[in-house]
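Chemist: Here the sequence shown stands for residues -16 to -1, 1 to 744, numbered as in mature numbering (1 follows the signal peptide of the UniProt record, and there is no 0). In this text, a Cβ means the ideal position worked out from N, Cα and C, and glycines have one as well.
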Amino acid sequence: MAWIFSCCQWMRALLATGMILLRPSKEMKSRSRFKSWAWGTSSGSSIMSTTNNKVIWSMESSSANNITTTNHLRHVESMATMPSGAGNIPHLNAIVLGEALASEENDLIFPSDDFSRQAHVPSPRKYLEMYKRSIEDPAGFWSDIASSFYWKQKWGQQVYLENLDVRKGNIRIEWFKGGITNICYNCLDSNVEAGLGDKIALYWEGNEPGVDATLTYIQLLHNVCQLANYLKDIGVKKGDAVVVYLPMLMELPITMLACARIGAVHSVVFAGFSAESLAQRIVDCKPKVVITCNAVKRGSKVIHLKDIVDAALFESSQSGVSVDVCLTYENQSAMKKESTKWQEERDVWWQDVIPKYPTTCAVEWVDAEDPLFLLYTSGSTGKPKGVVHTTGGYMVYTATTFKYAFDYKPSDIYWCTADCGWITGHSYVTYGPLLNGASAVIFEGAPNYPNPGRCWDIVDKYQVTIFYTAPTLVRSLMRDSDEYVTRYSRKSLRVLGSVGEPINPSAWRWFFNLVGDSKCPISDTWWQTETGGFMITPLPGAWPQKPGSATFPFFGVQAVIVDEKGVEIEGECSGYLCVKSSWPGAFRTLYGDHERYETTYFKPFPGYYFSGDGCSRDKDGYHWLTGRVDDVINVSGHRIGTAEVESALVSHPQCAEAAVVGVEHEVKGQGIYAFVTLVEGVPYSEELRKSLILNVRKQIGAFAAPDKVHWAPGLPKTRSGKIMRRILRKIASRQLDELGDTSTLADPNVVEQLIALADV
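(1) Indicate whether residue 277 and residue 312 have their beta-carbon atoms separated by less than 8 Å.
(2) Three-state secondary structure (DSSP) at residue 331?
(3) Count the other CB atoms, across all protein chains shown, that sit within 10 Å of the CB of residue 715; report buried if there are 16 or more and exposed otherwise.
(4) List, from N- to C-terminal side, the beta strand (DSSP E) runs of 3 residues or more that fit wholly inside the region 256 to 344.
(5) Taking the CB atoms as reference points, tell me whether residue 243 and residue 274 lie closer together than 8 Å.
(6) Would you kindly report the start and end of the unbroken beta strand (DSSP E) that includes residue 692?
(7) If you check the beta carbons only, do residue 92 and residue 369 fall under 8 Å apart?
(8) Classify residue 196 as helix, strand or coil using the three-state DSSP reduction.
(9) Using 8 Å as the Cβ pair cut-off and three pairs as the minimum, do the region 152 to 169 and the region 399 to 406 touch?
(10) Who are the Cβ neighbours of residue 324 in its own chain at under 8 Å, not counting the five residues just before and after it?
(11) If I measure Cβ to Cβ from residue 558 and keep anything under 6 Å in the same chain, skipping five residues before and after, which residues do I get?
(12) Tell me which residues share the same chain as residue 125 and place their Cβ nearer than 6 Å to its Cβ, disregarding the 5 neighbours each side in the sequence.
(13) Can you have a look at residue 743 and say buried or exposed, based on whether 16 or more other CB atoms are within 10 angstroms of its CB?
(14) Taking the straight line between their C-alpha atoms, what separation do you get for residue 552 and residue 147?
(15) Starting from residue 558, trace the beta strand (DSSP E) both ways and give me its first and last residue.
(16) Here's the rule I'm using: 16 or more other beta-carbon atoms within 10 Å means buried, otherwise exposed. How should residue 571 be labelled?
(17) With distances taken between CB atoms, is the gap from residue 556 to residue 602 smaller than 8 Å?
(18) Quick check on DSSP: helix, strand or coil for residue 641?
(19) May I ask you to report which of helix, strand or coil DSSP gives residue 455?
(20) Going straight from the alpha carbon of residue 260 to that of residue 266, what length do you get?
(21) Buried or exposed: residue 703, going by 16 or more other Cβ atoms within 10 Å of its Cβ?
(22) CB-CB under 7 Å to residue 281, same chain, minus the five flanking residues each way: which ones, in chain order?
(23) Under 8 Å between the Cβ atoms of residue 484 and residue 526?
(24) If I measure Cβ to Cβ from residue 206 and keep anything under 7 Å in the same chain, skipping five residues before and after, which residues do I get?
(25) Run the proximity test for residue 669: is its beta-carbon closer than 7 Å to any non-hydrogen atom belonging to the ligand HEM?
(26) Please state the DSSP three-state secondary structure of residue 737.
(27) Just confirm the distance between the C-beta atoms of residue 648 and residue 717, as a whole number of angstroms; I'd bet it's less than 8 Å.
(28) Nearest-angstrom Cα distance between residue 770 and residue 385?
(29) Distance check for residue 469 and residue 637, CA to CA, integer angstroms please.
(30) Using DSSP bridges, identify the partner residues of residue 527.
(31) According to DSSP, is residue 595 helix, strand or coil?
(32) By DSSP, does residue 363 sit in helix, in strand, or in coil?
(33) Could you check which residue in 399, 216, 573, 110 has the C-alpha nearest to that of residue 239?
(34) On the DSSP bridge assignment, give the partners of residue 507 in chain order.
(35) According to DSSP, simplified to helix, strand and coil, what is residue 243?
(36) With C-beta atoms as the reference, is residue 94 less than 8 Å away from residue 524?
Shown next as structure tokens:
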């Protein structure tokens, strides 16, 4: 069915969905619960009030142009007024940024007048205009944006080419093919030429407080060129792979940019993966060189990275892949040269060679569809998948999503806590910020070292305005005293962000209320390694937010929810999250395995990219991610997202964090097994266990009540904060001999503690 509204009807629909930017009328006081809101246009206003929880509105006047909607805009169609993903909400309540706290009863967080006025996308109307064009005219929409970058040669007449349907032949996605550019040039040279050479590009904060450094854009360019010249000197050419196993030193983004400058393909491996995992990646992509450092200190712990690389290179040589050069940076704060194991003729000290090279290096111009980087994602079993991203589309999409999702301004100081070993570090630590000429903070250490206030100390030190982190870190910091947050000013913050997994509403509210002082919108982003950039995300200032919802699709993204048969579901629903039609940042293949690429992502639902995630859309059209489909538990025929149960558990005042997995159940098929971390100082008790289960029953239903609550002093997480659910499943099913590799965990001792508490 095609939806076509006149202007008046469209405004009514937006009011019903909460999409109109509602602001308190002059008569109202600043309080946590408003009974009336007013929205304004250039020529009139409308009043909406609530009486007995029913929405009443009246239209005074409007001279806006008519907007017609069609099926691709159904995510903002009028459904009803209550969200389905944040628990029971007895009233429709509005909160204006900076004026009141969000509570468990509040479901809509509204941007303030001041914030919306200065935002890139200041209203739902502006979003709809841009979104509508991005779907109906993707070639024109993205060409206009791409034209703001430097291209040695413009792309051909066909802006993009796609086939997402395996029934019609091989899957193929191309954007700006024939266009010749270089992402390093756009990140650095273009900004220097624009007069930003003396602007700080990178603020580096070391593991130990007081240890720091900076690089301006011109200094960063010089460092990149020196490394690029060295790589060319040792025979690295366009298309060659370079494996990077570095911690969060400035040398990590320098290495990525140096590879991009000469057309080499970087493959950054998170410096926490085991030697076996690193060797797998080396064997697969056969790099010309491996770049690492001798050691890193995370918190009080020293990790000997060079030893891991040595073991990986030995293992890969046993598999027939030898690497001739291991360039090693001396990280003096963690380990001196003299203590580093060394293999002559293969190993080279960074500091001995790189400073000798010229600070200028010719750019290798590449086609938009030439590969930029290779990033491996590992499942619980099987060979890691080498996700391939190409240059032009990724560049345009990453820069654009960064600009709009964070409402970036040239005066902002931006900090993303992610490691460059993950996609977030590629897109939103290195490329996205630098393409926008931003000043970014990178942090070597642990977020709770030397105390849980370290993040906010860094925010104050650099006057960070945009702070982007993972829900896991938010929940971890929630466990500690609020005083660790409130002792710092944090007044510089204006936008917060969340990435990596669904953020439960109670963690969202803590982040909003305490960290952001109720004045910072939260960009709760959904995207994946495969997507390259944000796919569903709030745009700060554009529309009301609901705690825990990723809200609406980004420009050019046709997000759909399908059932088991691949049929698109309209309106309020739950199902499988897919995307139809391509977007510039999409990955193009899996390295050396296009068949696996098609089988994994495009065969499940022909004609669509299958995300592997479950999603609910509420009556207002807001999207609520429910976690990986393999994290959906089928209990007596009820499909329950683990994120939904986890959110209900964490809403309990004495629960700091929870992770839920499914286990075999002889009656129900699957049972719900919950690992629960309590607030610091709260003792385990049977009464509390029952209270937690009751909380889930109340919020979701009896069918979702956990069969087992397993007390957890901590959860097994990687150093980036990702919960290793594979390990939790093995512990829950008592398959302790199948725990697998735990070397990437931030604290491997957690596993033993969980096993010891299995029957408590």
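Modeler: Looking at the coordinates:
(1) The residue given as residue 277 occupies position 293 in the sequence shown. The residue given as residue 312 occupies position 328 in the sequence shown. Yes, the Cβ-Cβ distance between residue 277 and residue 312 is below 8 Å.
(2) Here residue 331 refers to the residue found at position 347 of the sequence shown. In this structure, residue 331 counts as strand in the three-state DSSP scheme.
(3) Counted from its first residue, the sequence shown places residue 715 at position 731. Buried, because 16 or more other Cβ atoms sit within 10 Å of the Cβ of residue 715.
(4) 273 to 277, 280 to 282, 285 to 287, 309 to 313, 331 to 333
(5) Position 259 of the sequence shown, counted from the first residue, corresponds to residue 243. Position 290 of the sequence shown, counted from the first residue, corresponds to residue 274. Not a contact, by the Cβ cut-off of 8 Å.
(6) As a first step, residue 692 is located in the sequence shown; it is residue number 708 there, counting from the start. First-last of the beta strand (DSSP E) with residue 692: 692 to 695.
(7) For the purposes of this step, residue 92 is identified with residue 108 of the sequence shown, where counting begins at 1. For the purposes of this step, residue 369 is identified with residue 385 of the sequence shown, where counting begins at 1. No.
(8) The residue labelled residue 196 in the question sits at position 212 within the sequence shown. Residue 196 falls in the strand class under three-state DSSP.
(9) no
(10) Here residue 324 corresponds to residue number 340 of the sequence shown, with the count starting at 1. So the qualifying residues of the chain are 278, 279, 290, 312, 314.
(11) The residue labelled residue 558 in the question sits at position 574 within the sequence shown. Answer for residue 558: 600, listed in chain order.
(12) Sequence index remark: in the sequence shown, residue 125 carries index 141 (1-based). Hits under 6 Å: 117, 118.
(13) Start at 1 with the first residue of the sequence shown, and residue 743 comes out as number 759. When all chains shown are included, residue 743 counts as exposed.
(14) Working through the sequence shown from its first residue, we reach residue 552 at position 568. Working through the sequence shown from its first residue, we reach residue 147 at position 163. Rounded to whole angstroms, residue 552 to residue 147 spans 19 Å at the Cα level.
(15) Translated into the one-based positions of the sequence shown, residue 558 becomes position 574. Its beta strand (DSSP E) spans residues 557 to 563.
(16) Position 587 of the sequence shown, counted from the start, is the residue given in the question as residue 571. Residue 571 comes out buried.
(17) Within the sequence shown, the letter at position 572 stands for residue 556. Within the sequence shown, the letter at position 618 stands for residue 602. Their beta carbons are under 8 Å apart, which means residue 556 touches residue 602 by this criterion.
(18) Locating residue 641 in the sequence shown gives position 657, counting from the first residue. Of the three classes helix, strand and coil, the one that applies to residue 641 here is strand, per DSSP.
(19) Position 471 of the sequence shown holds residue 455. In the structure shown, residue 455 sits in a helix (DSSP, three-state: H, G or I).
(20) Numbered from its first residue, the sequence shown carries residue 260 at position 276. Numbered from its first residue, the sequence shown carries residue 266 at position 282. Going from the Cα of residue 260 to the Cα of residue 266 covers about 10 Å.
(21) Position 719 of the sequence shown holds residue 703. The residue is buried, with at least 16 neighbouring Cβ atoms inside 10 Å.
(22) Against the sequence shown, residue 281 aligns to sequence position 297. Result list for residue 281: 191, 317, 318, in chain order.
(23) Within the sequence shown, numbered from 1, the residue matching residue 484 stands at position 500. Within the sequence shown, numbered from 1, the residue matching residue 526 stands at position 542. No, the pair does not count as a contact, with Cβ atoms beyond the cut-off.
(24) Position 222 of the sequence shown, counted from the first residue, corresponds to residue 206. 343, listed in sequence order.
(25) The ligand HEM is absent from the structure shown, which contains no ligand whatsoever.
(26) Taking the sequence shown and counting its residues from 1, one reaches residue 737 at position 753. Looking at residue 737 - three-state DSSP - the assignment turns out to be helix.
(27) For the purposes of this step, residue 648 is identified with residue 664 of the sequence shown, where counting begins at 1. For the purposes of this step, residue 717 is identified with residue 733 of the sequence shown, where counting begins at 1. The pair is a contact, with the Cβ atoms about 7 Å apart (cut-off 8 Å).
(28) With the chain covering only -16 through 744, there is no way to say anything about residue 770.
(29) Numbered from its first residue, the sequence shown carries residue 637 at position 653. Numbered from its first residue, the sequence shown carries residue 469 at position 485. Using only the alpha carbons, I get a separation of about 18 Å.
(30) As a position in the sequence shown, residue 527 is number 543, starting the count at 1. Per DSSP, none; premise fails for residue 527.
(31) As a position in the sequence shown, residue 595 is number 611, starting the count at 1. Strand, per DSSP.
(32) Walking along the sequence shown from the start, residue 363 turns up at place 379. At residue 363, the pLDDT of 45 sits below 50, so the modelled position is not reliable; the number obtained from the coordinates is stated separately. Here residue 363 sits in coil by DSSP.
(33) Residue 239 sits at position 255 when you count from the first residue of the sequence shown. That would be 216, whose Cα lies nearest to the Cα of residue 239.
(34) Residue 507 sits at position 523 when you count from the first residue of the sequence shown. DSSP, once it has assigned bridges, lists 481 as partnering residue 507.
(35) For the purposes of this step, residue 243 is identified with residue 259 of the sequence shown, where counting begins at 1. Residue state, collapsed to three classes: helix.
(36) For this step, residue 94 is matched to residue 110 along the sequence shown. For this step, residue 524 is matched to residue 540 along the sequence shown. The answer is no: Cβ separation not under 8 Å.
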